[in-house]
Amino acid sequence: MTDHPSLNDEEGIAVGQGLKSALTANKLRKRARLTFRPTDDLRSHLRLDRKLHVVEIFHHTAFLKEHLRLTKDRARVSSVAEHLQLGALPRPLALEVLDSIQKIIFPHSDPKSRAMLRSLVSRSNFDPDCLRFEFNSIRNSDEEDVAYHYFGSRMVDLYEELQNPAPYGLIEKWLERKSGARYVLLATLIGVLIAVLLGILALAVSIYQAYIAYQAWQHPVGNDGPVSISVLARRG
5 MTDHPSLNDE
15 EGIAVGQGLK
25 SALTANKLRK
35 RARLTFRPTD
45 DLRSHLRLDR
55 KLHVVEIFHH
65 TAFLKEHLRL
75 TKDRARVSSV
85 AEHLQLGALP
95 RPLALEVLDS
105 IQKIIFPHSD
115 PKSRAMLRSL
125 VSRSNFDPDC
135 LRFEFNSIRN
145 SDEEDVAYHY
155 FGSRMVDLYE
165 ELQNPAPYGL
175 IEKWLERKSG
185 ARYVLLATLI
195 GVLIAVLLGI
205 LALAVSIYQA
215 YIAYQAWQHP
225 VGNDGPVSIS
235 VLARRG
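Counting the sequence shown from 1 gives a position; the working numbering is that position plus 4.
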């Protein structure tokens with residue numbers, strides 16, 4: 005995983021906002037051909053497996069919400085140790101994971117990404133609570149937007165994968181080993197294959213025309229057409 009600064013550093017807010025709006029599940033699947041896999045390990049959230057083209061999602065949103073309810077009235081608690089004394093996850097961490105799922109990867113504003121989430125719930129054992137968006141019961145008024153300090157670098161990794169997808173399939177992997185500009189090479193290879201196929205087709209047509217010409221030379225036909233056997237017999 006690449007080491008990136010927080011998405012909410014003052015010098016990178018604009019870039020961070022554009023990055024976050026690009027990371028919907030629909031775009032990640034369509035452009036980078038990524039799939040999503042549930043994980044029970046919070047440390048694996050948003051981890052990208054480039055070989056398998058899989059993104060892991062910590063899907064237990066009901067668990068996260070319970071921790072947020074526990075600390076809602078103690079939002080000023082800042083240290084990790086203080087949160088642990090309460091028996092709760094650090095509040096910024098829980099908010100960050102929850103928002104990355106419900107606001108970025110599967111936002112309400114993207115029907116296709118939401119449809120993917122419903123499919124993951126029904127087919128891949130994602131927590132059904134992922135589909136339930138809550139605000140007042142778990143957040144304070146100043147927590148509408150959160151800073152991505154814990155998983156910001158993984159979000160940037162996903163964005164980089166979106167911009168430059170890992171090779172998929174044998175041909176793309178071979179091209180990746182040969183050159184970084186694999187799409188240019190792939191287009192060139194396709195052009196060469198088309199040219200070869202057209203050349204083979206032209207050669208086949210030429211051979212057929214030569215065969216017809218040879219048959220015409222071997223068996224010439226007069227102006228009046230072929231002479232029948234009965235006519236030859238009468239002439240004899």
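Each residue gets a CB set at the ideal place from its N, CA and C atoms; glycine is no exception.
- By the CB criterion at 8 angstroms, LYS76 and GLU138 fall outside the cutoff.
- Assigned with DSSP and collapsed to three states, LEU52 falls in strand.
- The continuous beta strand (DSSP E) containing PRO42 extends over residues 39-43.
- According to DSSP, residue pairing for VAL59 in a beta bridge involves PHE40 and LEU52.
- Taking 8 angstroms as the cut-off, the beta carbon of ASN30 is found closer than this to the beta carbon of MET120.
- The region 29-47 and the region 56-65 touch, with three or more beta-carbon pairs separated by less than 8 angstroms.
- A straight-line Cα-Cα distance of about 32 angstroms links GLU165 and HIS71.
- CA-CA distance, LEU201 to VAL188, rounds to 20 angstroms.
- It is roughly 53 angstroms from the alpha-carbon of PRO94 to the alpha-carbon of ILE194.
- Under the DSSP assignment, TYR163 falls in the alpha helix (DSSP H) whose first and last residues are 156-167.
- Under the three-state reduction of DSSP output, ASN30 falls in the helix class.
- When the beta-carbon positions are compared, PRO132 and VAL125 come within less than 8 angstroms of each other.
- Scanning TYR218, THR28, ALA36 and ASP103 for the CA closest to the CA of HIS153 turns up ASP103.
- Counting every other CB atom within 10 Å of its CB across the protein chains shown gives THR28 a total of 16 or more, marking it as buried.
- From the listed residues ILE105, ARG127 and SER128, the smallest Cα separation to SER117 is found for ILE105.
- Excluding sequence positions up to five before and after GLU100, its CB lies within less than 8 angstroms of the CB of VAL150, ALA151, TYR152, HIS153, TYR154 and PHE155, all in the same chain and listed in chain order.
- Ranking LEU74, ARG33 and ASP45 by CA distance to the CA of LEU56 puts ARG33 first.
- Cβ neighbours of GLY22 within its own chain (closer than 8 angstroms, five residues either side excluded): none.
- Residue range 65-75 is occupied by the alpha helix (DSSP H) that includes ALA66.
- Just so you know, the alpha carbons of GLY91 and SER83 end up roughly 13 angstroms apart.
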